[in-house]
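This report refers to the structure that appears directly beneath it.
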Amino acid sequence: MPNDAKPSKSIRAFDRSLPMVLLLAREAVMERFRPMLRDFGVTEQQWRVLRSLEEVGAMDLGDLADSCRLLGPSLTRIVRDLEERELVHRSGDQHDHRRSLISISSAGRALIQRVGPHSERHYREISEAIGAETLEDLFNKLEALADGLNSTRSL
């Protein structure tokens, strides 16, 4: 049966769907980064955890999940794996003994230092492909999109 369905006028074209365009762009970017991360033995999600801890410092699991956009059960598994590999440490919170804090270890920092030049090479390639000004503009516009939508979420 031929597909002769016509798109509905009540909804925008699929190729103009913001979630779809963002997904396509994310995949185009991650196709460059995934092999690099794999070469260093980390997943995208593990890398997000390490980078967040390195920049922000020790966090409890809830804050870390928010920072990395990960679900709690997934983060628990990721942290356990990173702990076993001695890339992160878990310690008790001095103010709330029910909570534990996750922090990056010296081995985790060393891994980030080893990956850093390779990551920056990919950013240079992206910048060369679309232009440095376009890349900076893209960062700014995506941050504005997230900020704008997040600020209206609580209304």
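Start counting the sequence shown at 1154; every next residue gets the next number (the working numbering). Each residue gets a CB set at the ideal place from its N, CA and C atoms; glycine is no exception.
From the options, residue whose alpha carbon lies closest to that of residue i
{"i": "G1210", "options": "Y1276, A1181, V1241, E1273", "result": "V1241"}
{"i": "L1224", "options": "E1236, Q1199, L1171", "result": "Q1199"}
{"i": "K1294", "options": "E1207, E1197, Y1276, L1175", "result": "L1175"}
{"i": "R1233", "options": "C1221, L1214, R1251", "result": "L1214"}
{"i": "V1268", "options": "R1201, M1189, A1299, S1220", "result": "M1189"}
{"i": "Y1276", "options": "I1164, R1252, R1185, P1226", "result": "R1185"}
{"i": "A1299", "options": "R1222, F1193, S1163", "result": "R1222"}
{"i": "V1202", "options": "S1170, S1163, S1258", "result": "S1258"}
{"i": "P1270", "options": "L1291, A1285, S1163, F1193", "result": "F1193"}
{"i": "A1181", "options": "H1248, I1283, R1262", "result": "I1283"}
{"i": "R1262", "options": "R1274, L1235, A1285", "result": "L1235"}
{"i": "S1272", "options": "S1170, R1187, K1162", "result": "R1187"}
Separation of residue j from residue i, as counted between CA atoms
{"i": "S1256", "j": "M1212", "result": "7 Å"}
{"i": "A1178", "j": "D1216", "result": "27 Å"}
{"i": "E1208", "j": "D1168", "result": "36 Å"}
{"i": "R1204", "j": "T1229", "result": "17 Å"}
{"i": "E1197", "j": "M1183", "result": "9 Å"}
{"i": "A1260", "j": "L1254", "result": "17 Å"}
{"i": "S1220", "j": "L1264", "result": "20 Å"}
{"i": "A1297", "j": "P1172", "result": "16 Å"}
{"i": "F1292", "j": "R1191", "result": "25 Å"}
{"i": "I1164", "j": "D1290", "result": "28 Å"}
Close Cβ partners of residue i (< 7 Å) along its chain, the five nearest in sequence each way excluded
{"i": "E1237", "result": "none"}
{"i": "L1288", "result": "I1279, S1280"}
{"i": "G1245", "result": "S1253"}
Buried versus exposed, by CB contacts within 10 Å (16 or more), residue i
{"i": "A1218", "result": "buried"}
{"i": "I1231", "result": "buried"}
{"i": "L1206", "result": "buried"}
{"i": "L1150", "result": "No statement about residue 1150 is possible, as the shown extent of the chain runs from 1154 to 1308 and does not include it."}
Near the ligand ZN: residue i beta-carbon under 7 Å from a heavy atom
{"i": "V1182", "result": "In the structure on display, the ligand ZN does not appear, and there are no ligands present to speak of."}
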